[in-house]
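Counting in the numbering used here, the sequence shown runs from 1 upward without gaps. Take a look at the structure set out below.
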Amino acid sequence: MQIHYFYDGGDGMKGKRFLVLLGVFSVVLCLFITHALAGTLQDVKARGKLLAGVKTDFPPFGFVDEKGVNKGFDVDIAKAIAKELFGKEEAVEFVAVTSGNRIAFLTTNKIDIILASMTITEERKKVIDYSIPYFMSGHLILVHKDSKIEKYQDLAGKKVSTTQGSTGDIVIGELVPTAQRVKFQHNSEALQALKDRRVEAFVQDDVLLLDLQKRNPELKIVGWPPFRPAPYGLGVRKGDKEWLEFVDATLTKMKRSGEYQKLWDKWFGEARAMLLKLE
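Structure, rendered in structure tokens:
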């Protein structure tokens, strides 16, 4: 873009106007450049609170209790990051996201960070950056107790509910291309489709299905051991190095202090023997 300046040296008033406009333009340009270079860490500190993208239908990582309060492992990690930033865990606003929209929410600045049971994949790395891994998960299959399905190969030709944008959907598409994937926006919808027998199975991350099966005794989990295991990571905007370093440092500090283990025991203690270990 070219900017043309017109200055009439013979008119003192015009010259003054020009200098004023030039000064205003310079200030605005400096503010724009400063904001562009600031990065998320400075933006969060200036705002005074963290905008955390969390799930509301993925217990025990993210859910809403009977009082409408956000709870879960990811929620507690968000609180720990807020405490590291501001000295108080309440300095965080939770924004509900799904597997399908969480990355878009991040890249359009609706949130500062994704804390939403997100598997680290090479495809997603092209769009966002990940923190160090903080959980290891694999995929299992939820079916009715009278189902003859025992492993993911048995899903060939069958209707399977998945959630849009999830690795469960991607994995079944790759491993069992003849399966008829019925994609839903929310896990609750995918579960209901199974309960209503509109589909024969629901494929998702092991930790979620363990929680759902406990609440729905008419269902059972098959497909052991969990297939296509992969770690979870927290998501930040691509190239936001200072913010990523801060997030990694906070996670590392939590692991060394024992705070991470306390949260892990709090949310996954009952399922300890069935979950994959994060090395």
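The C-beta atom is built at its ideal place from N, Cα and C for all residues, glycine as well.
Notebook entry, point to check: Using the C-alpha atoms, what's the distance from tryptophan 264 back to alanine 80?
Noted result: In this structure, the straight-line span from the alpha carbon of alanine 80 to that of tryptophan 264 is close to 13 Å.
Checklist line | DSSP beta-bridge partners of methionine 136 | finding: Here methionine 136 is bridged, per DSSP, to Pro231.
Next item on the list: Have a look at aspartate 154 and threonine 40 and give me their C-alpha separation to the nearest angstrom.
Entry: Our two residues, aspartate 154 and threonine 40, have alpha carbons roughly 46 Å apart in a direct line.
Next item on the list: Determine the extent of the beta strand (DSSP E) in which arginine 181 is found, giving its start and end residues.
Entry: Per DSSP, the continuous beta strand (DSSP E) segment holding arginine 181 begins and ends at 180-184.
Margin query: Restricting to Cα atoms, I'd like to know which of Val182, Arg228, Gly258 and Lys220 is closest to glutamate 174.
Written below: The residue with the shortest Cα to Cα distance from glutamate 174 is Arg228.
Checklist line | Strand pairing of leucine 278, partner residues [DSSP] | finding: Residue pairing by DSSP places leucine 278 in no beta bridge whatsoever.
Margin query: Considering only the alpha carbon of each residue, which of Ile113, Leu50 and Val143 lies closest to lysine 83?
Written below: Minimum Cα distance to lysine 83 is reached at Leu50.
Check: Just checking, does the stretch 168-185 make contact with the stretch 239-248 on the three C-beta pairs under 8 Å criterion?
Finding: Taking one beta carbon from each stretch, the stretch 168-185 and the stretch 239-248 have fewer than 3 pairs nearer than 8 Å; the two do not touch.
Note to self: Below 8 Å, how does it come out for the stretch 110-121 and the stretch 52-72: are there three or more Cβ pairs, yes or no?
What the structure shows: Judged by pairs of C-beta atoms under 8 Å, the stretch 110-121 touches the stretch 52-72, as three or more such pairs exist.
Next item on the list: With DSSP as the reference, label aspartate 154 as helix, strand or coil.
Entry: Residue state, collapsed to three classes: helix.
Checklist line | CB of lysine 159 within 9 Å of CB of alanine 201, strictly | finding: In this structure, alanine 201 lies closer than 9 Å to lysine 159 by Cβ.
Notebook entry, point to check: With distances taken between CB atoms, is the gap from serine 137 to leucine 244 smaller than 9 Å?
Noted result: Not in contact: serine 137 and leucine 244 (Cβ atoms no closer than 9 Å).
Checklist line | Where the alpha helix (DSSP H) through isoleucine 170 begins and ends | finding: For isoleucine 170, the enclosing alpha helix (DSSP H) stretches over residues 167-175.
Next item on the list: Tell me, please, whether the CB atom of glycine 48 is closer than 9 Å to any CB atom in chain D?
Entry: Although the question refers to chain D, the structure presented lacks it and comprises just one protein chain.
Note to self: Within the continuous alpha helix (DSSP H) that includes leucine 85, where are the two ends?
What the structure shows: Looking at the DSSP string, the run of the alpha helix (DSSP H) that includes leucine 85 is 73-86.
Margin query: Less than 8 Å between C-beta atoms, sequence neighbours within five positions excluded: which residues of the same chain meet that for leucine 21?
Written below: Confidence in leucine 21 is poor, its pLDDT being 46 and thus under 50, which makes the residue's placement too unreliable to answer from.
Notebook entry, point to check: For aspartate 135, which residues of its own chain have a beta-carbon under 7 Å away from its beta-carbon, when the five flanking residues on both sides are left out?
Noted result: Note on residue identity: the sequence assigns phenylalanine, not aspartate, to residue 135. Within the same chain, Pro231, Tyr232 and Leu278 come within 7 Å of phenylalanine 135 by CB-CB distance, once the 5 residues on both sides are set aside.
Check: In the structure shown, what three-state DSSP assignment does tyrosine 260 receive?
Finding: In the structure shown, tyrosine 260 sits in a helix (DSSP, three-state: H, G or I).
Item checked: Straight-line Cα distance separating valine 92 from phenylalanine 246 -> Approximately 16 Å between the Cα atoms of the pair.
Notebook entry, point to check: Is the distance from the Cβ of serine 161 to the Cβ of valine 203 below 9 Å?
Noted result: For the pair serine 161 and valine 203, the CB atoms are nearer than the 9 Å cut-off.
Note to self: My output table needs one value for glycine 269: the three-state DSSP class, helix, strand or coil.
What the structure shows: Here glycine 269 sits in helix by DSSP.
Check: Any idea if arginine 124 is buried or exposed, counting beta-carbon neighbours within 10 angstroms, 16 or more meaning buried?
Finding: Per the 10 Å Cβ criterion, buried.
Check: Is the beta carbon of glycine 235 less than 9 Å from the beta carbon of serine 131?
Finding: Closer than 9 Å, so yes.
Check: In or out: threonine 98 buried (at least 16 other Cβ within 10 Å) or exposed?
Finding: By the beta-carbon neighbour count (other beta carbons within 10 angstroms, threshold 16), threonine 98 is buried.
Margin query: Tell me the rounded alpha-carbon separation between glycine 157 and aspartate 169.
Written below: Distance between glycine 157 and aspartate 169, taken at the CA atoms: about 15 Å.
Item checked: Range of the contiguous alpha helix (DSSP H) that encloses isoleucine 103 -> Residues 102-107.
Note to self: Looking only at its chain, what residues have a beta carbon closer than 8 Å to the beta carbon of phenylalanine 268, apart from the 5 residues adjacent to it on each side?
What the structure shows: Taking C-beta separations shorter than 8 Å and ignoring five residues to either side along the sequence, the partners of phenylalanine 268 in its chain run Pro60, Phe73, Val207 and Leu275, following chain order.
Checklist line | Simplified DSSP assignment, three categories, for threonine 34 | finding: Residue placement at threonine 34 is flagged as unreliable, the pLDDT there being 38, under the threshold of 50; a coordinate-derived value is accordingly withheld.
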